[in-house]
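Take any residue in the sequence shown, note its place counting from 1, add 48, and you have its number in the working numbering. Beta carbons: idealized from backbone N, C-alpha and C, even for Gly.
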Amino acid sequence: MFLREHHNYIIVNALRILFVWIIIISISILVPKPILTVTGQTVAEQLTKLLHEGNFLYAQKKYDQALMSFKKVLALDSKNTFAMDRIGLILYNLGNVKDAIKYFDKSLAIDQNNTGTLNSKGLALGILGNHTAALELFDKALSIDPNSMDAYINKGTALGILGKYGDALASIDKVLAIEPNNTSALTVKALTLYSAGNSTEARRSLDKVLDIEPNNFFAFSLRMRIDNSTKE
């Protein structure tokens, strides 16, 4: 009798323990909890850290290391357009323009109205010599944001390369009407004027650039080139 009762007691307790474990396992499955890695960080925390790290390295022009950080971002968040754009810019700066465009295209597939990405892809296409396609992207950026100074400067550059000097100067002058000391716009204007045969006005634009930025090597070099060409 004692053995039978003891045996039943063991079975009942075993069933109770099993039941408790079933409840514990069910709760652990059903109750949501943050995704953790071995470092104890949530995905959101990892993304924030990697983005800050990548931006810092990018600013320091440590492109290879920055590239690794942004690719880790995409491993955690495959639709992170900021990381795609940064990777595209890094590849652009490293001279890998075709692959840069692929990343810009991935970003634009998710957000087709990102004016920054449109400008970046346009610049990349310009490097490849496709200035007409680049111009279309700059115009699209301006249709989305009519106040985009970068898009006006980029558009002016593309038009100047295509020999449409009047249209190029009109685009640049829109920037200078708002930002008269914009050295990028002044430099592009000088280059356009020089290409159009107006060396005198080109010098004036470059002199203004050099007054603002005395160490602007490109402006100084172009000024010397204009001076030498007029002496010949």
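Excluding the 5 residues flanking it on each side, LYS146 has same chain C-beta neighbours closer than 8 Å at LEU176, in chain order. Counting the other Cβ atoms within 10 Å of the Cβ of ILE260 gives fewer than 16, which makes it exposed. By the Cβ neighbour-count rule, ASP133 is buried, with 16 or more other Cβ atoms within 10 Å of its own. In the DSSP assignment, LYS154 falls within the unbroken alpha helix (DSSP H) covering 145-158. In the three-state DSSP reduction, LYS120 falls in the helix class (H, G or I). Under the DSSP assignment, THR129 falls in the alpha helix (DSSP H) whose first and last residues are 129-141.
Pairing SER196 with LEU124, the inter-Cα distance amounts to about 32 Å.
DSSP places THR90 outside both helix and strand once states are collapsed to three, so it counts as coil. Runs of the alpha helix (DSSP H) lying entirely within the stretch 188-271, each at least 4 residues long, are 197-209, 213-226, 231-243 and 247-260 in chain order. Per DSSP, reduced to three states, the secondary structure at GLY102 is helical.
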